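Student: So for the sequence shown, the working numbering puts the first residue at 14; every next one is plus one. Each residue gets a CB set at the ideal place from its N, CA and C atoms; glycine is no exception. Note that this is a predicted model, so its numbers are computed, not measured.
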Amino acid sequence: MTPKKLAFAASGLLTIFSLVVFVLLGKIFVHQIAWEVILPAHILLFVGSVLLYRYFLDRFIYQKIKLIYKSIHDMKVPKEQKKKKMELKGDIINQTQEQVSEWAKDKAKEINELKKLETYRREFLGNVSHELKTPVFHIQGYVLTLLDGGLDDPEINRKYLQRCEQSINRMISIIEDLESISKLESGELKLRFSHFDVVELVD
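(1) For the stretch 184 to 195 against the stretch 136 to 149, are there 3 or more C-beta pairs whose distance is under 8 Å?
(2) For methionine 184, which residues from the same chain have a beta carbon less than 6 Å from its beta carbon, with the 5 sequence-adjacent residues on both sides left out?
(3) What is the DSSP secondary structure of phenylalanine 209, reduced to helix, strand or coil?
(4) Would you say tyrosine 155 and arginine 176 are within 7 Å of each other, going by their C-beta atoms?
(5) Count the other CB atoms, across all protein chains shown, that sit within 10 Å of the CB of glycine 200; report buried if there are 16 or more and exposed otherwise.
(6) Reducing DSSP to helix, strand and coil, say where methionine 184 ends up.
(7) Quick one: Cα of threonine 132 to Cα of glutamate 198, how far?
(8) Do tyrosine 68 and alanine 23 have their beta-carbon atoms positioned less than 7 Å apart in this structure?
(9) Once the 5 residues before and after serine 62 are set aside, which same chain residues still bring their CB inside 6 Å of it?
(10) Is it buried or exposed, glycine 163, if we count other Cβ atoms within 10 angstroms and call 16 or more buried?
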């Protein structure tokens, strides 16, 4: 309900109530009703109360609601559209209620997405830790073997050094993947989509 309709409804109820009271009092105590006085007085009462209700509704209630509406509206509207004038027409209370409800749903969805991302991030870090440990342990084992005398055996030292190189290349590949993921999150790297044959990829 708009401020205008609300003011008219409240003023109408007040005027009707006052008119009924005056009519009853007139019949009980005076036994006659001075309509030429009562009607103009109640017309003035109706008009005055409409103006008064409208003023107080706009001044103390709807201005606060408009601030809430504007705050939510500004948070939802993109920056490039904020320069456009915000229009508040019709039922401001229902509009604000809808905006608050929609804003709450959006925030709840955003929180759920952030929780999922946090879970994925923890799982990803755990997997990365495991992937890094494997080549590191391999390199450690190969180096210890070489230090324990494997360097003196030409077959062993070359073989183990080649395996160390493979493990190092594996670590480099993991680090490059981490850098790519970081660039994707920051927007520095853009994905390029293309069609391909899944069967050929599997084969």
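Tutor: Looking at the coordinates:
(1) Yes, since at least three Cβ pairs between the stretch 184 to 195 and the stretch 136 to 149 fall closer than 8 Å, the two stretches touch.
(2) Pro148
(3) coil
(4) Result yes, Cβ atoms of tyrosine 155 and arginine 176 sit closer than 7 Å.
(5) exposed
(6) helix
(7) 16 Å
(8) no
(9) Ser24, Leu27
(10) buried
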